[in-house]
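First comes the structure, then the notes that go with it.
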Amino acid sequence: EVVSRLSALGYLEDIQLWAGGEGSDAYYLAATDEGTDILQGSIAYPAERTISSVQADLESAIQPYSGLLKFLPPENILENLMGIQRGGDWAIAGDDPETVRAASLEIVTQLSEISDAPESLPALIPSEPRTILKVFPDRQALSALDIELPLLTGQISQALYGSVPTRALVEGREIDVRLRAREEDRGRREHLLELELPSSSSSHIRLDSVARLEQEEALPFLFRAQRKDLGILRFQGNPSDEQLAVLRKAGAYPVHTSSLKNQAAEILMLFSLALLLLYLSLGVQFESFLLPLLLMISIPLSISGISAALFINHVSINLNSSLGLLVLMGLTVNNGILLYEEYTHRLNMPGSSRAGALYRAVSDRLRPIIMTSFTTIFALLPLAIDPHGTSSQCSLATTVIGGLSASTFLSLILLPHIFLAGKRRI
4 EVVSRLSALG
14 YLEDIQLWAG
24 GEGSDAYYLA
34 ATDEGTDILQ
44 GSIAYPAERT
54 ISSVQADLES
64 AIQPYSGLLK
74 FLPPENILEN
84 LMGIQRGGDW
94 AIAGDDPETV
104 RAASLEIVTQ
114 LSEISDAPES
124 LPALIPSEPR
134 TILKVFPDRQ
144 ALSALDIELP
154 LLTGQISQAL
164 YGSVPTRALV
174 EGREIDVRLR
184 AREEDRGRRE
194 HLLELELPSS
204 SSSHIRLDSV
214 ARLEQEEALP
224 FLFRAQRKDL
234 GILRFQGNPS
244 DEQLAVLRKA
254 GAYPVHTSSL
264 KNQAAEILML
274 FSLALLLLYL
284 SLGVQFESFL
294 LPLLLMISIP
304 LSISGISAAL
314 FINHVSINLN
324 SSLGLLVLMG
334 LTVNNGILLY
344 EEYTHRLNMP
354 GSSRAGALYR
364 AVSDRLRPII
374 MTSFTTIFAL
384 LPLAIDPHGT
394 SSQCSLATTV
404 IGGLSASTFL
414 SLILLPHIFL
424 AGKRRI
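Using the numbering used here, you'd call the opening residue of the sequence shown number 4 and step up by one each time.
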């Protein structure tokens, strides 16, 4: 049903859906204690369309009558490093749901005063109130019929969510056999009151004889994070500067970039520590302050190859691609170390000149360096080829391939000139 509705949009390039909590196991049922089924999927859309417009079309096409529809766009750390704010979900936190909802509605009111265009105003998620059924058991009636309270709650839970009395072996895998009341027998309050309970004194008794149900309207379900209630304001496009000022003044923050900002800070700290340790290790090994800097010049040379590879393979700068840059630090410096060691060995030979020693070093080490680089690149090619965009290691492999290709080529050209010009100061 979902696939047919999404296919009716006409412009989606690829639709992949799977049931359960695992992408390769359709029989897997997540959160079995709550009777919750999870439907996951990935959707590819044309580059000329924006995430916000596609998300709006998906919401209108699927129209979930219950449950949560969650979108996970590709995480792009570069936007956070450059301070780019995209449209999406903004959260307002508070100590209780009533305060949060009142504050969220106040923000919507203030934003409507700035612009009354419907497409520029956020939607409070969820927007409709929910109905709560509260069960008040009659303890005296339960005691007279010899029915314990856990039995009552268990019977109600099984009627609504079902129980798993056994498991069946299907196609080599064990799946749950769920037993619960039919949808038409548990969809209304009257149906729940007609629920029959087992009793030792009589065969079955109705729920309405030992308990009463009260129905009340409650606030919509609000999300929680760090012991705070959250109200979610969803924008279809990018908020304007005036809207951003109102959101920040009210204490709202973007949900989809808060975690990425923390990741970006951690990655920058990790890069700084890795560069410092690499410099200190090379400095101790060669007993020089300048030589490690010359050897590490191949690291910025790899940036051009990384950018080109990510662009060609249509991969964003995310957490995995940043880790690929960390891997490149050791791979690219290794080429410079091989060249320098061979250069100093040739230079110490009797009758050798600086230019001649450098020429012999490059010619002798050219084949080992190229073979080592090509071995690494070809080994990572299967990870980088990901037509469906489902591999989490694609961006890491693409980063290493692009960076290693560029740094190997450029370092073989640039490093010999640097050694020739800076030998007296090393």
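C-beta atoms are modelled at their ideal positions from N, C-alpha and C, and glycine is treated no differently. From a predicted model like this one, the values you see are computed outputs, not experimental measurements.
- The way I'd put it, the region 400-418 does touch the region 305-317; three or more beta-carbon pairs between them come closer than 8 Å.
- Separation of Ala64 and Val57 (C-alpha to C-alpha, rounded to the nearest whole angstrom) is 10 Å.
- Counting along the chain, no alpha helix (DSSP H) covers Ser356, and no H or E run does either.
- If you ignore the 5 residues before and after Leu383, its C-beta comes within less than 8 Å of the C-beta of Ala400, Val403 and Ile404, all in its own chain and listed in chain order.
- Rounded to the nearest whole angstrom, the CA to CA distance from Gln246 to Lys137 is 40 Å.
- The shortest C-alpha to C-alpha distance from Ala126 to any of Leu328, Phe238 and Arg368 is the one to Phe238.
- Per DSSP, the continuous alpha helix (DSSP H) segment holding Ile117 begins and ends at Pro100 to Ile117.
- Contact between Ile95 and Ala311 does not hold, since their C-beta atoms are separated by about 41 Å, which reaches or exceeds 8 Å.
- Look at the region 159-218 and you find these whole runs of beta strand (DSSP E), each 3 residues long or longer: 166-173, 176-182, 199-201 and 207-209.
- Look at Glu245 here: in three-state DSSP terms it is helix.
- Taken atom to atom, the span from the alpha-carbon of Ala147 to that of Leu216 is near 20 Å.
- Excluding five sequence positions before and after Leu196, the CB atoms of its chain that fall closer than 8 Å to its own CB belong to Arg209, Leu210, Asp211 and Leu216, given in chain order.
- Going by C-alpha positions, Asn337 is about 9 Å away from Leu298.
- The alpha carbon of Gly157 has as its nearest neighbour, out of Phe314, Ile117 and Leu198, the alpha carbon of Leu198.
- The straight-line gap separating the alpha-carbon atoms of Leu328 and Ile117 is approximately 44 Å.
- Cβ-Cβ distances below 7 Å link Phe314 to nothing in the same chain once the five nearest sequence neighbours on each side are left out.
- Annotation for Ser45: the continuous beta strand (DSSP E) segment containing it runs Leu42 to Ala47.
- Under the 8 Å Cβ criterion, the region 281-301 does not count as touching the region 357-373, having fewer than three qualifying pairs.
- Taking the Cα of Gly97 as reference, the smallest distance to any Cα among Gln113, Ala255 and Tyr164 is reached at Ala255.
- Rounded to whole angstroms, the separation of the alpha carbons of Arg181 and Arg192 is 22 Å.
- Per DSSP, the beta bridge partners of Gln19 are Ser45.
- With a contact defined as Cβ atoms closer than 8 Å, Ala184 and Ala162 qualify at about 5 Å.
- Shown here for Val103: same chain residues with a beta carbon closer than 8 Å to its own, the five before and five after excluded, namely Ile95, Ala96, Gly97, Leu225, Asp232, Leu233 and Gly234 in chain order.
- In the DSSP assignment, the residues bridged to Ile95 are Gly234.
- Excluding five sequence positions before and after Ile421, the CB atoms of its chain that fall closer than 8 Å to its own CB belong to Leu297 and Ile300, given in chain order.
- Pairing Ile270 with Ser325 gives a Cβ-Cβ distance under 8 Å.
- Looking only at Val5, Leu12, Ala11 and Gly13, the smallest Cα-Cα distance to Gln19 is reached by Val5.
- Unbroken alpha helix (DSSP H) stretches of 4 residues or longer found wholly inside the region 269-293: none.
- Between Ile46 and Asp17 the beta-carbon gap is near 7 Å, inside 8 Å, which marks them as a contact.
- Note that the C-beta distance between Pro153 and Ala214 is not below 8 Å.
- Residue state for Thr134 is assigned as strand, using DSSP reduced to three classes.
- Excluding its 5 nearest sequence neighbours in each direction, Leu12 has C-beta neighbours in its own chain below 7 Å: Asp60 and Ala64, listed in chain order.
- When the five nearest sequence neighbours on each side are left out, the beta carbons in the same chain lying within less than 7 Å of the beta carbon of Ala387 are those of Asn316, Cys397, Ala400, Thr401 and Ile404, in order along the chain.
- Assignment of Pro140 by DSSP, reduced to helix, strand and coil, places it in the strand class.
- The secondary-structure analysis by DSSP pairs Leu12 with nothing; it has no beta-bridge partner.
- Each residue's CA atom was taken as its position, placing Ser414 and Pro385 some 26 Å apart.
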